[in-house]
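Report on the following structure.
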Amino acid sequence: MRQPNSQLNIKPALVSVSLAIAIPCLSIGLLVSCNTGDRPKSDLSSQKLSGTWEFKNQDGAKAGTAIFDTKNGIDGDVYILSNDLPVGKTAIAGKYKANPNKYPPELDLTFGDLTTQTIYEIGNDGQLKIANAVPDQPRPTTLDAHPQLLTKVSDNTNIDRNIKILRSSDLAASSALIHEAESKSYIRAIMRSQQQIFQEKGQFSTDVNQLASGLKLNSEFYNYQATVLDIASGLVVLNTAIPVKDGLKAYTGIVYAIANDTNQRATKLLLCESNIPAKAIPPSPKKQDEDYSCPDAYIRINP
1 MRQPNSQLNI
11 KPALVSVSLA
21 IAIPCLSIGL
31 LVSCNTGDRP
41 KSDLSSQKLS
51 GTWEFKNQDG
61 AKAGTAIFDT
71 KNGIDGDVYI
81 LSNDLPVGKT
91 AIAGKYKANP
101 NKYPPELDLT
111 FGDLTTQTIY
121 EIGNDGQLKI
131 ANAVPDQPRP
141 TTLDAHPQLL
151 TKVSDNTNID
161 RNIKILRSSD
171 LAASSALIHE
181 AESKSYIRAI
191 MRSQQQIFQE
201 KGQFSTDVNQ
211 LASGLKLNSE
221 FYNYQATVLD
231 IASGLVVLNT
241 AIPVKDGLKA
251 YTGIVYAIAN
261 DTNQRATKLL
271 LCESNIPAKA
281 IPPSPKKQDE
291 DYSCPDAYIR
301 INP
């Protein structure tokens, strides 16, 4: 049973699931290509979303929980519990609708007046893969190189009584939270594009339009920049979201290349959030051997 009055649409922080829920916690994986069309009926039994799923960040630590509470096996309520949410045990409530008859199966997640159209896959190992997507953008046609991975932990769809369910009015009164969540989803998408470009070309990009991969970046509240820090090596790029208006936190996403065990270059991610609202350009990250840490006055969050 769900808590009463929990069936409400919320302004999206879908990045918690797919990206941007981001989201991203993402590493380069095998690109799964799928053709659109009808899915064989025999596969439908494996596409059950109902239950409690956990998703993890890049370090393997739990980043959040998604609960799909189905009504008829196709649509229902979805609840997102994420480390990106404000302090306290809270869940963002929304709606989902699945179409497992399509190939790849389609999944729509609606929070408030925004809907994210994406695709998903449940593998033979029971792991749920959701293609990264941004609200109000075209639906992906293939799972990207690093989809959001979720592991089913139970068939339970109950929400604990000590968890507050965020309603539309709750988030409407906190517009900063909405715009910050949107900005994080864009930075996560840009960081993934940097990984793909480096894998293909051996260098990072400073062209934000190219990095946005067709996404329409909302410039009303944030400016987005990409700057290569080490010009000589080109192995570190800083991707920033700088607030245009007061009361918003700044974000900086560092993508850098290191040598892996086979002496080839692999990319790593670091996403940082300012401790307090800030309109200044974020400082450079701190170098620690081959890795980096967040600059002063910034904390690390799920990439």
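Heads up, the sequence shown is in the working numbering, so the first residue is 1 and it goes up one at a time.
Just so you know, even glycine gets a beta-carbon here, dropped at the ideal spot from N, CA and C.
Member of the options whose CA lies at the smallest distance from the CA of residue i
i       : options                              : result
Ile-281 : Asp-296, Cys-272 and Ala-250         : Ala-250
Ser-274 : Ala-91, Pro-147 and Ile-299          : Ile-299
Gly-51  : Tyr-224, Ala-93, Thr-115 and Val-153 : Val-153
Ile-178 : Thr-206, Phe-221 and Leu-149         : Phe-221
Asp-144 : Ala-241, Ala-91, Asp-155 and Pro-104 : Pro-104
Simplified DSSP state of residue i, which is helix, strand or coil
i       : result
Ile-80  : strand
Ser-213 : coil
Arg-192 : helix
Lys-62  : strand
Gln-199 : helix
Ile-187 : helix
Ile-74  : coil
Ala-266 : strand
Residue i versus residue j - alpha carbon distance
i       : j       : result
Lys-245 : Ala-63  : 29 Å
Tyr-292 : Pro-285 : 6 Å
Lys-216 : Gln-127 : 31 Å
Gln-210 : Asn-158 : 42 Å
Cys-25  : Leu-269 : For Cys-25, the predicted structure reports a pLDDT of 28, less than 50, and the residue's modelled location is therefore unreliable. A value from the coordinates is still provided. Cα to Cα, Cys-25 sits roughly 8 Å from Leu-269.
Gly-234 : Phe-204 : 7 Å
Pro-138 : Met-191 : 19 Å
Cys-294 : Lys-71  : 43 Å
Gly-247 : Asp-230 : 31 Å
Ala-212 : Asn-239 : 11 Å
Gln-195 : Thr-141 : 20 Å
Leu-166 : Lys-201 : 43 Å
Phe-68  : Thr-227 : 39 Å
C-beta contact flag for residue i and residue j at 7 Å
i       : j       : result
Ala-131 : Ile-122 : no
Pro-243 : Lys-279 : yes
Ala-98  : Leu-109 : no
Glu-290 : Thr-151 : no
Ala-133 : Ser-183 : no
Pro-325 : Leu-114 : Given a span of 1 to 303 for the chain in the structure shown, any question on residue 325 remains unanswerable.
*Would you list, in sequence order, the uninterrupted beta strand (DSSP E) runs of no fewer than 3 residues that lie entirely inside the stretch 274 to 299?*
286 to 288 and 291 to 293
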